[in-house]
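Novice: Residue numbers (my numbering): 23 to 617.
Heads up, the beta-carbon is just placed ideally off N, CA and C, and yes, glycines get one too.
Please see the structure below; I have some questions.
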Ligand SMILES: [Zn+2]
């Protein structure tokens with residue numbers, strides 16, 4: 023039967039390489055290294071004097087290197103992700119990393135020389151018709167010129183970073199990944215990883231949820247001296263970088279890369295913070311629905327129904343494809359190819375990494391999706407999310423060259439989130455079971471709270487914590503007080519916090535390791551709400567406009583790409599419109615709860 027083979031669907035990496043033992047891998051690595059040496063010999067020291075056509079030709083060669091490198095890196099990373107305990111996949115990954123660093127050092131002169139071109143010459147190059155395809159790429163590179171140092175200083179910074187910020191980041195990851203907590207699960211005392219213990223936050227049994235949360239955050243409290251030291255060190259390291267590279271604020275480097283004005287982020291954060299009462303209204307409703315008079319932080323993700331709806335992979339695939347087809351046959355066709363061409367890896371296997379991802383390598387290379395399917399309704403959402411990414415990569419790949427292929431961070435979650443909304447609405451249209459409907463509507467709201475409100479709260483904490491660190495060493499209590507302050511704003515009187523909640527900040531890797539990334543989740547979700555509203559207003563006319571946004575990849579500034587769908591992210595009202603949709607969902611949920 024088809025079902026049996028579907029359950030064991032594994033991806034086919036042979037369009038990249040036949041196997042991790044293939045001699046083609048070593049041959050290609052050698053050939054690329056040789057070609058890179060020839061390229062460096064030919065162009066080193068000559069970039070400033072290049073005519074537009076010469077620069078265009080050199081950039082095309084660099085892009086070809088990029089695509090060939092991505093084929094090797096992509097294969098090594100994908101092979102490793104389904105077989106992390108295999109000595110051969112580990113060895114290949116390690117070898118390609120060392121090879122990649124060598125190659126990067128070999129070719130880095132090009133980047134530094136472009137930054138060093140005198141301003142008037144640079145403008146002439148950027149405006150040249152021969153370089154039209156690379157204009158945005160060059161302008162983005164160039165923006166970092168005022169913050170770059172000399173070649174020898176950059177080399178020193180990179181070298182010292184290995185034992186500096188990179189080592190401190192790794193220490194945090196190692197210390198926290200070794201944490202095991204003891205939780206009583208269904209009467210048995212079990213030793214769980216953080217991921218397993220956190221999964222209990224959706225357990226129907228309240229005591230179970232409370233125990234799991236207490237156990238997780240207590241583990242961080244026990245390590246508070248070390249973790250506080252790491253936060254202080256990495257935040258100070260960032261402060262030093264800001265001074266050395268002459269950045270005006272802690273968030274400035276992030277925004278420069280994301281090509282957004284600080285005013286846009288301010289408007290986003292202010293609009294979301296003003297809307298915190300919506301979250302409080304939702305939690306008050308949830309407390310009443312669950313019959314809880316003292317709704318607590320460990321109840322925020324509690325399920326409404328005791329029974330869970332199970333979805334087979336075959337059914338999940340049909341649901342996602344039908345939801346996509348209702349929006350655009352192109353969406354459904356591109357998503358369908360992932361199944362037909364075996365570009366999805368489905369079953370949870372021992373040695374396979376957890377979670378899910380979509381890997382878009384380079385325009386002419388196939389895009390792959392990794393899942394860990396367990397027949398849960400959540401898995402169907404994850405499938406819609408990752409296939410959304412897949413559609414984004416496929417469309418961008420049809421229109422863009424390697425340097426313009428990857429969507430810029432603020433737009434990276436556009437298609438994935440849009441795909442999830444299409445799926446949820448498709449499910450709501452079809453589902454007749456009142457309990458499942460209620461849970462679907464709750465999921466939608468909890469997703470909005472987690473992705474918009476909570477991420478803005480993290481970003482606010484991060485801004486405040488960096489500002490505090492600039493004044494001197496920050497104690498664990500001071501970090502905790504900032505954390506509790508932000509939670510009080512979000513929760514109001516609707517959610518009671520428990521003692522260990524004060525250690526939450528030390529348990530969130532994003533606010534330490536991926537500086538100021540969290541705002542982009544809120545940005546992406548609100549943007550997609552606005553896009554979805556435009557779709558509801560405009561109907562089929564909207565579809566080609568969205569496809570164009572996705573085709574644009576990373577070829578222009580976010581605001582320019584979005585202008586094509588009539589979205590103005592510089593307008594402060596824009597964010598309020600997305601938040602209005604959250605309110606609409608809340609009103610719908612209120613009505614569904616009322617008997
Ligand atoms: Zn995503």
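What do you reckon, is the C-beta of residue 403 under 6 Å from a heavy atom of ligand 3?
Specialist: What this structure holds is ligand 1, not ligand 3.
Novice: So, helix, strand or coil for residue 206, using DSSP?
Specialist: Three-state DSSP puts residue 206 in a strand.
Novice: When you compare only the Cα positions, how much space is there between residue 98 and residue 390?
Specialist: The straight-line gap from Cα to Cα measures roughly 13 Å.
Novice: Going residue by residue through the region 311-387, where are the continuous beta strand (DSSP E) segments of at least 3 residues, counting only ones entirely within it?
Specialist: Listed in chain order, they are 379-381.
Novice: Quick one, what's near ligand 1 if you take every residue whose CB is closer than 6 Å to any heavy atom, in chain order?
Specialist: So the residues near ligand 1 by this Cβ test are 407, 411, 435 and 438.
Novice: How long is the line joining the alpha carbons of residue 508 and residue 49, rounded to whole angstroms?
Specialist: Distance between the alpha carbons of residue 508 and residue 49 is about 55 Å.
Novice: Along the chain, where does the beta strand (DSSP E) containing residue 478 start, and where does it finish?
Specialist: Run containing residue 478: none in the beta strand (DSSP E); it sits in the alpha helix (DSSP H), 476-491.
Novice: Would you say residue 584 reaches chain E, if we count a Cβ-Cβ gap shorter than 7 Å as a contact?
Specialist: Structure shown: chain E not included; a single protein chain is present.
Novice: With C-beta atoms as the reference, is residue 488 less than 7 Å away from residue 441?
Specialist: No. Outside cutoff.
Novice: Do residue 544 and residue 478 have their CB atoms nearer than 7 Å?
Specialist: In this structure, residue 478 lies closer than 7 Å to residue 544 by Cβ.
Novice: Give the secondary structure of residue 539 by DSSP, where H, G and I count as helix, E and B as strand, and everything else as coil.
Specialist: Residue 539 falls in the coil class under three-state DSSP.
Novice: Go ahead and label residue 244 buried or exposed: buried means 16 or more other beta carbons lie within 10 angstroms of its beta carbon, across all protein chains shown.
Specialist: With fewer than 16 other Cβ atoms within 10 Å, it is exposed.
Novice: Does DSSP put residue 295 in a helix, a strand or coil?
Specialist: Three-state result, residue 295: helix.
Novice: Using the C-alpha atoms, what's the distance from residue 106 back to residue 19?
Specialist: Outside the shown range of the chain, which is 23 to 617, sits residue 19, and nothing can be said about it.
Novice: For residue 341, is the classification buried or exposed, using 16 other Cβ atoms within 10 angstroms of its Cβ as the cut-off for buried?
Specialist: So residue 341 ends up on the buried side.
Novice: Out of 344, 305 and 268, which has the shortest C-alpha to C-alpha gap to residue 608?
Specialist: When only C-alpha atoms are compared, the closest one is 305.
Novice: What does the alpha-carbon distance come out to for the pair residue 499 and residue 242?
Specialist: Rounded to the nearest angstrom, the two C-alpha atoms are 13 Å apart.
Novice: So who's on the other strand from residue 212, going by DSSP bridges?
Specialist: Paired residue(s): 205.
Novice: On the premise that residue 580 lies in contact with residue 288, defined as a C-beta separation below 8 Å, what is that separation, rounded to the nearest angstrom?
Specialist: Residue 288 to residue 580, Cβ: 16 Å. No contact.
Novice: Let me make sure I understand the geometry here. Which of 68, 512, 47 and 526 has the alpha-carbon closest to that of residue 295?
Specialist: With distances taken between Cα atoms, residue 295 lies closest to 512.
Novice: Can you say whether residue 384 is buried or exposed, counting buried as having 16 or more other CB atoms within 10 angstroms of its CB?
Specialist: Burial call: buried.
Novice: Please report the straight-line C-alpha distance between residue 40 and residue 335, rounded to a whole angstrom.
Specialist: One C-alpha to the other measures close to 27 Å.
Novice: When the Cα atoms are used, what is the spatial distance from residue 485 to residue 272?
Specialist: Spanning the two alpha carbons is a distance of roughly 7 Å.
Novice: Can you check which of these residues, 232, 203, 256 and 221, is closest to residue 183 by C-alpha distance?
Specialist: Out of 232, 203, 256 and 221, 256 has the C-alpha closest to the C-alpha of residue 183.
Novice: For residue 521, count neighbouring Cβ atoms within 10 angstroms of its own Cβ and tell me buried if that reaches 16, exposed if not.
Specialist: That one is exposed.
Novice: Note the first and the last residue of the continuous alpha helix (DSSP H) segment covering residue 390.
Specialist: From DSSP, residue 390 is part of no alpha helix (DSSP H) but of the beta strand (DSSP E) over 390-392.
Novice: Could you tell me which residues DSSP puts in a beta bridge with residue 398?
Specialist: Paired residue(s): 332.
Novice: Excluding sequence positions up to five away, which residues of its chain have a Cβ less than 6 Å from the Cβ of residue 297?
Specialist: Answer for residue 297: 601, listed in chain order.
Novice: Determine the contact status of residue 449 and residue 462, defining contact as a CB-CB distance below 7 Å.
Specialist: Yes; because the gap between Cβ atoms is below 7 Å, this pair is in contact.
Novice: Is residue 518 helix, strand or coil when you go by DSSP?
Specialist: Looking at residue 518 - three-state DSSP - the assignment turns out to be strand.
Novice: Could you tell me the distance, in whole angstroms, from the CA atom of residue 120 to the CA atom of residue 412?
Specialist: Cα-Cα distance, rounded: 29 Å.
Novice: Can the beta-carbon of residue 175 be found closer than 7 Å to that of residue 134?
Specialist: It is not a contact, given that the beta carbons lie outside the stated cut-off.
Novice: For residue 575, is the classification buried or exposed, using 16 other Cβ atoms within 10 angstroms of its Cβ as the cut-off for buried?
Specialist: With 16 or more Cβ atoms within 10 Å of its Cβ, residue 575 is classed as buried.
Novice: Do residue 204 and residue 170 come within 7 Å of each other at the CB atom, strictly closer than that value?
Specialist: Not a contact, by the Cβ cut-off of 7 Å.
Novice: Under DSSP, the alpha helix (DSSP H) around residue 607 begins and ends at which residues?
Specialist: Unbroken alpha helix (DSSP H) run through residue 607: 594-615.
Novice: Short of 8 Å in beta carbon distance, which residues of its chain neighbour residue 349, apart from the five on each side in sequence? Order them along the chain.
Specialist: The answer, listed in chain order, is 444, 557 and 565.
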